[in-house]
Structures are given as C-alpha cells and as structure tokens.
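The C-terminal residue of the sequence shown carries number 335 in my numbering, and the numbering is unbroken.
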Amino acid sequence: MAGGVDLVVIGADGGPDRAFAGSAHAPAGARLLAEVLPGMCFDTGAAGCRVSAVAPDADANAMLTALRGAAQHPGRWLVVCLVGQLVADPRGRRLALVTGGSTPDNAYRRGLAWDWVVSAMVHGDQEEALLLVDAVADRDAWTALERTGEDTAGELLGYSRVPLWGRIGRYAPGRRGRGAVLPGDEGSFSRALTTVLRQGVPGAPAAVAPSDLQPAVAELLDGGDPSGSSGAPGARLLVPPQGGRLLMRNRAAVRGALAGLSLSEELLAVLWRESAPTEPPSA
C-alpha cells in the first residue's frame with residue numbers, strides 16, 4: 053500500500069439550520085466520490101487506494117483526525133475531497149467547512165478550517181497531493197474569496213503546494229438560494245467528475261491527468277467561470293494545474309479498443325478489468 057493512494061472524503065452536512073441548507077446534498081456527493089474515485093486510479097486501482105470516508109455529521113476534530121491519519125501513510129498520492137458549505141471568519145481572512153449542528157453564530161469556530169486541511173496535506177508523507185472541492189459559499193464567504201492579496205481568503209485558493217480542482221458556487225440562504233447548484237446535486241462538481249470518470253473521454257489516451265479531464269468536467273458544470281476571475285456571477289472553477297503524476301483511467305479508450313470485436317458481455321467484462329496496465333506510461 054505504500055505506493056498507492058490515500059483518499060479522504062469529507063461530505064459535511066451542516067444540519068437543519070436554514071442558513072446552511074447549501075450542504076444538504078453534500079453527503080450524497082461524498083458518497084459518489086468515495087465510490088467512483090478508487091477504481092479510477094490508473095496504476096493502483098481500487099486495491100491500491102486506501103479510503104477514509106468521514107461521517108457527514110462528524111465534528112471538525114473527527115474530520116481532521118481522519119485527514120491527519122491518512123496523511124501519515126507513506127505513499128505516492130494524497131487526495132482529499134471537501135464537499136459542503138464554506139463560511140468565513142469575522143475578519144474575512146479564513147475559511148471553514150460548516151459541520152453538523154452549527155449556527156450562524158458559531159459556524160466558523162465549529163467548522164473544519166481550510167488552513168488545517170492544507171497544513172495536514174503539506175506535511176503528509178505522500179509525494180503529491182490534490183484537494184478536490186465541491187462547495188458553496190454564502191455572501192460573506194464569497195465576498196472574502198473575492199479579495200486578493202496577502203492574508204486574504206482568496207489567497208487560500210492559490211496555494212501552490214496543494215493543487216486544487218473543483219467548483220465553489222455562490223449561495224444565498226432561503227428562497228433566494230433555491231436556484232443555486234448545491235454540492236452533490238445535479239450540476240455540481242462531484243456529479244460532473246464522477247460522470248466523466250464513468251464515461252471516459254473519447255479520443256484521449258488510456259491514462260489521463262486531471263487537467264485532461266477538466267474540459268469534459270467543465271461542460272457538465274452549471275455556471276462556471278474561469279479560476280481567478282473577479283465578480284463571477286455564479287461560480288468559481290478551480291482548474292487543476294498541468295503536470296503531476298496522478299493519472300486516472302479513461303474508460304472511453306478501453307471501449308474504443310474493444311468496439312470492433314464480437315465478444316460476449318462476460319468476456320468483455322474480463323478484458324475491461326484486466327486491460328489497464330499496472331504502471332502508467334511515464335513510470
């Protein structure tokens with residue numbers, strides 16, 4: 053397992069408070085990611101992926117404990133998924149993922165601080181890390197993200213040692229938020245990513261990087277604007293950087309290779325399971 057992937061999936065349900073209804077479908081999105089991602093890792097597969105799925109009603113300490121535990125495993129990749137609603141601290145400089153039982157008065161103090169997540173990933177024993185984000189932000193958190201410069205919440209989205217991939221959308225609690233795309237729901241990043249992984253990308257090689265998958269994922273997202281844009285009306289896309297050695301299986305490439313063969317469904321299933329090489333082309 054030392055050469056594999058440690059996957060930590062956190063889908064936090066903020067609870068019954070209407071202010072945090074943006075997290076209502078976060079557990080469903082987290083379950084999708086935990087189900088689909090392990091088998092899509094190109095040179096490890098499900099057998100080489102250690103999954104830590106945190107309960108949606110867990111508190112911030114339990115979430116951080118799971119993350120730190122996974123980060124201590126020597127390996128090649130640490131992939132962390134954050135699904136839910138973000139809030140900002142009163143000064144608008146830090147972010148946190150809302151956890152269960154929060155109220156508007158204590159959400160930031162009770163939440164899983166973004167700083168904690170990034171710090172645990174930076175100090176992990178894996179060679180590379182990737183943070184997947186499927187989240188919404190209320191008015192104050194969105195305003196904080198719009199600020200640029202040192203010691204701002206917006207700066208957190210550009211930390212080079214922890215590449216980001218995902219979507220952060222604007223969310224207004226109450227009736228105004230009914231039209232928003234919620235994390236884990238239709239049009240969200242977790243739904244789009246798992247759909248693309250299951251279907252594959254026609255014409256792409258058998259092993260693809262996150263940056264190769266991003267265009268297909270973006271086509272399925274609702275209301276995305278390029279990462280770093282100011283004044284984005286609906287959402288902010290977090291585009292993965294080029295490079296890196298994390299490769300995912302492209303199912304469309306396998307289907308294309310087998311398309312012209314007249315074989316039984318049972319044999320096709322066997323060929324699909326055994327078709328992916330054990331090492332990526334660059335290894």
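Heads up, the beta-carbon is just placed ideally off N, CA and C, and yes, glycines get one too. Source: prediction; values computed, not measured.
Check: Proximity to N113 [Cα-Cα], best of L273, P262, W168, T204; Outcome: W168
Check: Nearest candidate by alpha-carbon position, reference A205, set V248, A193, R213; Outcome: A193
Check: When M92, Q137, R70, V103 are compared against R64, the one with the closest alpha-carbon; Outcome: It should be noted that the sequence gives Ala, not Arg, for residue 64. Of M92, Q137, R70, V103, the residue nearest in Cα terms is Q137.
Check: Rounded Cβ spacing between V253 and A270 (contact assumed at less than 8 Å); Outcome: That belief does not hold up - the Cβ atoms of V253 and A270 are roughly 12 Å apart, past 8 Å.
Check: Candidates G56, S75, L59, of which the one nearest G221 by Cα; Outcome: S75
Check: Start-to-end residues for the beta strand (DSSP E) that takes in L290; Outcome: 287 to 290
Check: Assigned secondary structure, R128 (DSSP; H/G/I helix, E/B strand, else coil); Outcome: strand
Check: Within-9 Å CB hit, G100 to chain C; Outcome: Judged by its chain identifiers, the structure shown contains no chain C, having just a single protein chain.
Check: Own chain residues within Cβ distance below 6 Å of T246, not counting five before or after; Outcome: L84, V88
Check: Where D264 sits in the DSSP three-state scheme; Outcome: helix
Check: Touch test, the stretch 171 to 178 against the stretch 153 to 160, Cβ-Cβ under 8 Å, three pairs minimum; Outcome: no
Check: DSSP three-state assignment for S75, whether helix, strand or coil; Outcome: helix
Check: Nonlocal neighbours in the same chain, by C-beta distance under 7 Å from G295, ignoring five residues either side; Outcome: none
Check: Any non-hydrogen atom of the ligand MG closer than 8 Å to A118 Cβ; Outcome: No copy of the ligand MG appears in this structure; indeed no ligand is present at all.
Check: Reference L209; option with closest CA among P262, Y223, A148; Outcome: A148
Check: Contacts around P225, its chain only, beta-carbon distance under 6 Å, and the 5 residues preceding and following it disregarded; Outcome: R70, A71
Check: Nearest neighbour of A196, chosen from G144, V233, Q178, D237 [CA to CA]; Outcome: G144
Check: Residues near D141 by beta carbon distance below 6 Å, same chain, minus five either side; Outcome: Y160
Check: R250 - DSSP class collapsed to helix/strand/coil; Outcome: helix
Check: Supposed contact pair L182 and P257 - C-beta distance, whole angstroms, cut 8 Å; Outcome: With a Cβ gap of about 20 Å, P257 and L182 do not count as contacting.
Check: Beta-carbon proximity check, L184 vs V131, cutoff 9 Å; Outcome: yes
Check: Cβ-based neighbour list, V106, same chain, cut-off 6 Å, excluding 5 preceding and 5 following; Outcome: I62, M115, A118
Check: Environment of R243 [buried if 16+ CB atoms lie within 10 Å]; Outcome: buried
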